[in-house]
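Working notes, beginning with the structure itself.
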Amino acid sequence: MGISTPISQELAGRDASARPARRDRARRTLDRLIALVVLLAGWQLASIWWGSGVVPGPLEVAGALGRLLGQAQFWSAVRDTCASTLIGLLVAAALAIPLGLFAGSHRFVDASTRLPVDFMRTIPAVTLIPLVVLLFGPSLTMKVVLVVFGAFWPLFVQATYAVRELDPVARDVVRAYRLRTRVVWTAVLLPSSAPFLITGLRVSTTLALLLSIGAEIVGNAPGIGREITLSQMSAQPATAYAYVIVAALLGVVINAGAAWAQDRVLFWHPSVRGRFA
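First residue of the sequence shown: 867, per the working numbering; consecutive thereafter.
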């Protein structure tokens, strides 16, 4: 009894501490369901007010989406959009992260490139669509080039900023022990920069999807964006809205995947550990 009593008390304490967490999760789930119901109700009212020819109702869009799921053209459009988004993001990360870390670790390079970088990253990537369409045509290459340009700058700036914010103690250790460049990068720069880089990746991921779909709408490249335009031109608003819903769901899935990767890569970081404590 002397052994079992403390154990039972500890288990009871854990159960009592877990109850508020379960209640909070249930409350958040209920709040989200209520918000979804309100959103769908508002959507239906808008459809009644303006007419289904302008704003199709949720049931009409759901029916159009169900029909699209059985068409090969729909899946080809989703594949083309995902391909340009992921390829462009990977190329942008492969270029921006090493260059940003290099620029941030050298004062002269950082100071001399700050003005050009600030100028280039303020240029909206969508304004380059006419140029890239002229150069590459309505193709996957055109979309990838546009995505790389738009996703490059958030990653580059975050990588540069990460090196600037390096712990002064770590800098002193590197200087004192005269560590090799490979050791400095693998054991100091990359681990300390990881939170900044992951943040830049999450921002660039959403931006890459938006640019890919925008290039498809304006540049008539294959993908979800072009299907939205074609549906509007053929007077099929429900189908167009269905593609918009699919684009939004893709954004949610990509963002959730980025959040999952962040939790796995930064499992050691206090901001992530505290979430699962």
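Beta carbons are placed, not taken as given, at the ideal position from N, Cα and C, and that holds for glycine.
Just so you know, these numbers come straight off a predicted model, no measurement behind them.
Could you check the C-alpha separation between Gly1089 and Pro1020 for me, to the nearest Å?
-> Reading the sequence shown from its first residue, position 223 is the one you call residue 1089. Reading the sequence shown from its first residue, position 154 is the one you call residue 1020. Their Cα atoms are separated by approximately 25 Å.
Nearest residue (CA-CA) to Glu1031, options Ser1058, Tyr1109 and Gly1117 | Numbered from its first residue, the sequence shown carries residue 1031 at position 165. Of Ser1058, Tyr1109 and Gly1117, the smallest CA-CA separation from Glu1031 is found for Ser1058.
Work out the CA separation of Ile1111 and Trp941 for me, nearest whole Å.
-> Counting from 1 along the sequence shown, the entry for residue 941 is found at position 75. Counting from 1 along the sequence shown, the entry for residue 1111 is found at position 245. Going by the C-alpha atoms only, they are around 14 Å apart.
Does the distance from the CB of Ser1100 to the CB of Ala1106 come in under 7 Å?
-> Translated into positions along the sequence shown, residue 1100 becomes position 234. Translated into positions along the sequence shown, residue 1106 becomes position 240. Contact: no.
Can you have a look at Ala959 and say buried or exposed, based on whether 16 or more other CB atoms are within 10 angstroms of its CB?
-> Within the sequence shown, numbered from 1, the residue matching residue 959 stands at position 93. Within a 10 Å sphere around the beta-carbon of Ala959 sit 16 or more other beta-carbons, which makes this residue buried.
Round the Cβ separation of Thr951 and Ser1078 to the nearest angstrom and send it over; I've been treating them as touching at under 8 Å.
-> In the sequence shown, the residue the question calls residue 951 occupies position 85. In the sequence shown, the residue the question calls residue 1078 occupies position 212. Rounded to the nearest angstrom, the Cβ distance from Thr951 to Ser1078 is 5 Å, consistent with a contact under 8 Å.
Assigned exposure category for Thr988 - 16 Cβ within 10 Å defines buried | For this step, residue 988 is matched to residue 122 along the sequence shown. Classification for Thr988: exposed.
Using 8 Å as the Cβ pair cut-off and three pairs as the minimum, do the region 966-975 and the region 996-1007 touch?
-> Cβ pair count under 8 Å is below three, so no.
Beta carbon of Gln1098: closer than 6 Å to some heavy atom of the ligand COA?
-> Among the components of this structure there are no ligands whatsoever, and the ligand COA is therefore not found.
If I'm right that Gly954 touches Ala1074 with Cβ under 8 Å, what's the distance once you round it to whole angstroms?
-> If you number the sequence shown from 1, residue 954 lands on position 88. If you number the sequence shown from 1, residue 1074 lands on position 208. Between Gly954 and Ala1074 the beta-carbon gap is near 5 Å, inside 8 Å, which marks them as a contact.
Exposure of Ser913, with buried meaning 16 or more beta-carbon neighbours within 10 Å | Position 47 of the sequence shown, counted from the start, is the residue given in the question as residue 913. Of the other Cβ atoms in all chains shown, 16 or more fall within 10 Å of the Cβ of Ser913; this residue is therefore buried.
Measure the C-alpha to C-alpha separation of Leu994 and Leu1076 and round it to an integer number of angstroms.
-> Numbered from its first residue, the sequence shown carries residue 994 at position 128. Numbered from its first residue, the sequence shown carries residue 1076 at position 210. Approximately 14 Å, taken between the alpha carbons.
Give every residue of the same chain whose Cβ lies closer than 7 Å to the Cβ of Val1011, excluding the five residues on either side of it in the sequence, and list them in chain order.
-> As a position in the sequence shown, residue 1011 is number 145, starting the count at 1. Result list for Val1011: Val998 and Phe1002, in chain order.
Ala1143 - DSSP class collapsed to helix/strand/coil = Counting from 1 along the sequence shown, the entry for residue 1143 is found at position 277. Bear in mind that the predicted position of Ala1143 carries a pLDDT of just 48, short of 50, making it unreliable; the figure below should be weighed with that in mind. Correct three-state label for Ala1143: coil.
Member of Trp915, Gly923 and Arg894 whose CA lies at the smallest distance from the CA of Leu906 = For the purposes of this step, residue 906 is taken as the residue at position 40 of the sequence shown. When only C-alpha atoms are compared, the closest one is Gly923.
Ala1114 by DSSP, collapsed to three states: which one?
-> Locating residue 1114 in the sequence shown gives position 248, where the first residue counts as 1. Ala1114: helix per DSSP, three-state reduction.
Element boundaries [alpha helix (DSSP H), containing Glu926] = The residue labelled residue 926 in the question sits at position 60 within the sequence shown. Element bounds for Glu926: Pro924 to Leu934.
Verify whether the separation of the beta carbon atoms of Ala1025 and Ile1064 is less than 7 Å.
-> Counting from 1 along the sequence shown, the entry for residue 1025 is found at position 159. Counting from 1 along the sequence shown, the entry for residue 1064 is found at position 198. With contacts defined by Cβ atoms closer than 7 Å, Ala1025 and Ile1064 do not form a contacting pair.
In its own chain, which residues sit with a C-beta less than 8 Å from the C-beta of Arg1130, not counting the 5 before and 5 after it?
-> On the sequence shown, residue 1130 is found 264 positions in, with the first residue counted as 1. Within the same chain, Arg1130 has no close Cβ partners at all.
Please classify Ser978: is it buried, with 16 or more other beta-carbons within 10 angstroms of its beta-carbon, or exposed?
-> As a position in the sequence shown, residue 978 is number 112, starting the count at 1. Here Ser978 is exposed: its Cβ has fewer than 16 other Cβ atoms, across all protein chains shown, within 10 Å.
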